[in-house]
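Residue numbers (mature numbering (1 follows the signal peptide of the UniProt record, and there is no 0)): -24 to -1, 1 to 506.
Ideal placement from N, C-alpha and C gives every residue a C-beta, glycine not left out.
To start, the structure under review is shown below, and the notes come after it.
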């Protein structure tokens, strides 16, 4: 190995010798720039990982939740930056801008299209894994949580201080806070309290010029935009101040499984008319998947009716018997537990010990494709039958549709209150997911979910056909990899995610990042070409 000699810059020898890089490398200028600005050799080795670093692959793969984007042919970042201080983030932005790199910002790595860690042009990843502090203030019922923390770490931090407060975010405990909050965030408390983003009261953001902004200094327009419009479009959100919500010490969860032979179709048909009207203390969902039939060697389709009630089982049973007797809910279907345990329950994990929430590797990883819909009118039984029959196809062996009831608080919030517009009038959201293990078969499974999505077109929202930004779907449309993306081109996908809020997002983007430094395949573009 040949070492460069820098008598006045000894710290450069460390990073260059560790990685085998030289300044003659086409991208050596970026490393030189970043190393100069960090200027501490021991810190550099813990912050900058280039492709020749022995730890590069493990750091890259640590947060890739969708293995579809961890193949040998997947484009890899020139470097992964794992900042430990705010100044490291500022330096990464500065050096990326000045040396022609696009930036991908990763918190939990759950972007289902890999947008937070894949690019077709030279790029570096800014991985916020070290920004994961959770500071709970029970007296004021608030938390400052950094973007690199997971929802599980947030939930655990809250539950370790109080059993009387919670937070209305999603059920997957390994999701990064940064992406989840900046896209909206719906979970099992959503009918009672709305989105996670509805409870953000301050934030710390670094813009394309390296300025550190809070709610007051960024202004209400930008603060509006990052709460549902995608934080990585407008800057790097390092931390969020969130308002907690009251939860009872005991909640009740239940699951009732019905297959096709047990009238699953008719019961789901009835559920559509009831679920959004139930008291907001009761969240219900239906999970559709293929399962083994009671007949040996045969398959059927199961509708799993799941719920979480903010109260005891003795109050829940009479409520369901009155409003939804078709379900046949019995006490043996129900379990009482704490709110934080209900997160584990819905996540398919043991409810004890709650320290599982801190395990970022508790869930298996696989290759997947996802799509979403919002439904405003109940589907007819014939439509439900056709939908369920598609799950009997071979490609649906590892497929699931998660259908979550809306109504309650979601009906009370105007669709322009935040960028997330899917509010009043939505009966339920459907999230379709298909998984596979052999990457050579990816096309077959992706084609299946596209056919499922096409089948559902007659039964879901229209003009636009709405979609949830936190389940990005590049089939809806993309920006140009390089160069200008017009408002008209971006509107093809933007209106589906944000409806009429998209125009305001574009105006704010033009104001805060006119040169479009923070960009990806589905980032909000500015109004003009930089």
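Tell me whether residue 298 sits in a helix, a strand or coil according to DSSP, three-state version.
helix
Tell whether a beta-carbon distance below 8 angstroms holds between residue 409 and residue 346.
yes
What is the DSSP secondary structure of residue -11, reduced to helix, strand or coil?
Since pLDDT at residue -11 reaches only 32, below the 50 mark, its modelled position is unreliable, and no value is offered.
Just to confirm before moving on: does the CB-CB distance between residue 307 and residue 330 stay below 8 angstroms?
no
Please determine, among 145, 40, 21, 3, the residue with the shortest C-alpha to C-alpha distance to residue 507.
An answer regarding residue 507 cannot be provided, because it is not within the stretch -24 to 506 covered by the chain.
Have a look at 142, 151, 183 and flag the residue whose alpha-carbon is nearest the alpha-carbon of residue 169.
When each option's Cα is compared against that of residue 169, the closest is 142.
What's the call for residue 489, buried or exposed, on a 16-neighbour Cβ count within 10 Å?
buried
Leaving out the 5 sequence neighbours to the left and right, which residues in its chain are closer than 6 angstroms to residue 381 when beta-carbon positions are compared?
251, 252, 260, 404
Pull up the distance between the alpha-carbon of residue 274 and that of residue 359, whole angstroms please.
23 angstroms
Given residue 418, which residues of its chain have a CB within under 7 angstroms of its CB, disregarding the five upstream and five downstream residues?
44, 343, 412
Determine whether the beta carbon atoms of residue 155 and residue 256 lie at a separation below 8 angstroms.
no
Suppose only complete runs of 4+ residues qualify. What are the alpha helix (DSSP H) ranges in the region 457 to 504, listed by chain order?
Within the region 457 to 504, complete alpha helix (DSSP H) segments of at least 4 residues are found at 463 to 474, 477 to 488, given in chain order.
For the alpha helix (DSSP H) containing residue 25, list its first residue and its last residue.
Premise fails: residue 25 lies in the beta strand (DSSP E), 24 to 26, not in any alpha helix (DSSP H).
Suppose contacts are defined by Cβ-Cβ distances below 8 angstroms. Is residue 77 in contact with residue 494 by that definition?
no
If distances are taken between C-alpha atoms only, which option among 41, 7, 434, 47 comes closest to residue 416?
47
Quick one: complete alpha helix (DSSP H) runs, 4+ long, within the region 352 to 428?
Every alpha helix (DSSP H) of 4 residues or more that sits fully in the region 352 to 428 is shown, in chain order, as 357 to 365.
Pick out the complete beta strand (DSSP E) segments inside the region 130 to 198, 3 residues or longer, and give them in chain order.
176 to 182
Excluding the 5 residues flanking residue 85 on each side, which residues of the same chain have their C-beta closer than 6 angstroms to its C-beta?
Counting only Cβ-Cβ distances below 6 angstroms, and skipping sequence neighbours, we find 39, 40, 41.
What whole-angstrom Cβ distance do residue 59 and residue 29 have, given they're in contact under 8 angstroms?
Incorrect: roughly 16 angstroms between the Cβ atoms, too far for contact.
Classify residue 427: buried if its beta carbon has 16 or more other beta carbons within 10 angstroms, exposed otherwise.
By the neighbour-count rule (16 or more Cβ atoms within 10 Å), residue 427 is not buried but exposed.
Should residue 446 be labelled buried (16 or more other beta-carbon atoms within 10 Å of its own) or exposed?
By the 10 Å Cβ count, residue 446 comes out buried.
Can you say whether residue 504 is buried or exposed, counting buried as having 16 or more other CB atoms within 10 angstroms of its CB?
Exposed: under 16 other Cβ atoms inside 10 Å.
If contact is defined by three or more beta carbon pairs under 8 angstroms, each pair taking one atom from either stretch, is the region 129 to 136 in contact with the region 187 to 204?
no
Rounded to whole angstroms, what is the Cα-Cα separation between residue 94 and residue 51?
6 angstroms
Please state whether DSSP places residue 283 in a helix, a strand or coil.
The answer is strand: DSSP assigns residue 283 an E or B state.
Hey, would you say residue 295 sits closer than 8 angstroms to residue 230, going by beta carbons?
No. Outside cutoff.
Looking only at its own chain, which residues have a Cβ that is under 8 angstroms from the Cβ of residue 486, when we skip the five neighbours before and after it?
502, 503, 504
On the DSSP letters alone, give me the boundaries of the beta strand (DSSP E) that residue 217 sits inside.
212 to 219
Leaving out the 5 sequence neighbours to the left and right, which residues in its chain are closer than 6 angstroms to residue 125 when beta-carbon positions are compared?
108, 110, 153
Grab me the residues of residue 243's own chain with a C-beta within less than 6 angstroms of its C-beta, minus the 5 sequence neighbours each way, in chain order.
Excluding its 5 nearest sequence neighbours in each direction, residue 243 has C-beta neighbours in its own chain below 6 angstroms: 234, 302, listed in chain order.
Check whether the Cβ atoms of residue 221 and residue 140 lie closer than 8 angstroms to each other.
no
Which residue from 262, 272, 276, 268 puts its Cα closest to that of residue 283?
262
Taking buried to mean at least 16 other C-beta atoms within 10 Å of its own C-beta, is residue 468 buried or exposed?
exposed
Among 457, 164, 49, 71, which has the Cα closest to the Cα of residue 186?
Nearest option by C-alpha distance: 71.
Within 10 Å of its beta-carbon, does residue 123 have 16 or more other beta-carbons around it, so buried, or fewer, so exposed?
buried
Below 8 angstroms CB to CB, which residues in the same chain sit around residue 148 once its five sequence neighbours on both sides are set aside?
86, 127, 323, 339
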